[in-house]
Amino acid sequence: MNKDNKLLTQQEEKKIKIFEAARRIVSEKGYEKTTMLQIAKAADVATGTIYEYFENKEDLFLTIAAEQYGLFDEELKIHFSGIKSAFEKIRKYIWFYFYFFQKDPLYSEIWLLVIRLNKSLAQSTAYPWIQQSGKEIIDLLKAGQEEGMIRKDIDLYVMRHLLLGSLEHAMTRWLLKGKTYDMLSYSEKISDLIIDAIKK
Numbered sequence: 004m005n006k007d008n009k010l011l012t013q014q015e016e017k018k019i020k021i022f023e024a025a026r027r028i029v030s031e032k033g034y035e036k037t038t039m040l041q042i043a044k045a046a047d048v049a050t051g052t053i054y055e056y057f058e059n060k061e062d063l064f065l066t067i068a069a070e071q072y073g074l075f076d077e078e079l080k081i082h083f084s085g086i087k088s089a090f091e092k093i094r095k096y097i098w099f100y101f102y103f104f105q106k107d108p109l110y111s112e113i114w115l116l117v118i119r120l121n122k123s124l125a126q127s128t129a130y131p132w133i134q135q136s137g138k139e140i141i142d143l144l145k146a147g148q149e150e151g152m153i154r155k156d157i158d159l160y161v162m163r164h165l166l167l168g169s170l171e172h173a174m175t176r177w178l179l180k181g182k183t184y185d186m187l188s189y190s191e192k193i194s195d196l197i198i199d200a201i202k203k
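Offset between the sequence shown (1-based) and the working numbering: plus 3.
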């Protein structure tokens, strides 16, 4: 039993080293020019070792996206603690989205400029996290309707697309503009627009 636990720990340590190396190489060379051989050298493992965990470079970065999406969900739940109002949760969600992606611009580039547009995303381990996140927004909006704060005639799925689309567009523009301004300054403005569009 102890041997199995030790083996699991070693495997997890290798994966962490591979993740860190992958992020480092991408930051230096960009996604397209990054190779598995470069990542293996940076992680100080054999190239074959990486293929024990991941099918290819695409699979590796989709897995990184899944790990980060899980972290996003865990941290968001902490930020939601004690907040009951649907509108306050919407404001917190928008603020946290900008905060999470701005504090890790490298991941933001990988996610929004590479992975988000990848055709394999829907079959990846990241996709269930995306579905869960979308469901939580729908549940949040439904709760607002039950509170009598959000109009009943709102199409919740269209509103979810509008909310997430606005945030992704704003973050993508921030990345393409060279990350020269603070995204958190847009949080309140976007929150006001979204809430004004749905409030009863």
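Glycine included, each C-beta is placed from N, C-alpha and C at the ideal position.
In the three-state reduction of the DSSP assignment, K202 falls in the strand class, which pools E and B. For S127, the CB contacts under 7 Å within the same chain, skipping 5 residues up- and downstream, are L65, A69 in chain order. Uninterrupted alpha helix (DSSP H) stretches at least 4 residues long and entirely within the segment 44–75 occur at 50–56, given in chain order. Inclusion of I93 and V29 in the CB contact set at 8 Å is not warranted, their separation being larger than that value. With distances taken between CA atoms, Q148 lies nearest to I201 out of F22, Y72, I201. Here W98 has S190 as same chain residues with Cβ atoms under 6 Å from its own Cβ, once five neighbours each way along the sequence are excluded.
Under the DSSP definition of a beta bridge, I153 partners with K202.
For the segment 88–166, the continuous alpha helix (DSSP H) assignments of 4+ residues that do not extend past its boundaries occur at 89–105, 108–112, 130–150, in sequence order.
A Cβ-Cβ separation of about 17 Å leaves I19 out of contact with M39 under the 8 Å criterion. Distance from the CA of E31 to the CA of R154, rounded to the nearest whole angstrom, comes to 48 Å. Assignment of Y189 by DSSP, reduced to helix, strand and coil, places it in the helix class.
In this model, A43 and L170 are separated by some 34 Å (Cα to Cα).
The beta-carbon distance between I86 and K95, rounded to whole angstroms, is 6 Å. This is short enough to meet the 8 Å contact definition. Spatial neighbours of T50 in its own chain (CB-CB distance under 8 Å, excluding positions within 5 residues in sequence) are listed in chain order as M39, L40, A43. Burial check for S84: the Cβ neighbour count within 10 Å stays below 16, so the residue is exposed.
The alpha carbon of K145 has as its nearest neighbour, out of I157, K36, Q135, E15, the alpha carbon of I157.
Our two residues, S111 and F22, have alpha carbons roughly 15 Å apart in a direct line.
The alpha carbon of R27 has as its nearest neighbour, out of P108, F101, F103, the alpha carbon of P108. Around the beta-carbon of L179, fewer than 16 other beta-carbon atoms lie within 10 Å, marking it exposed.
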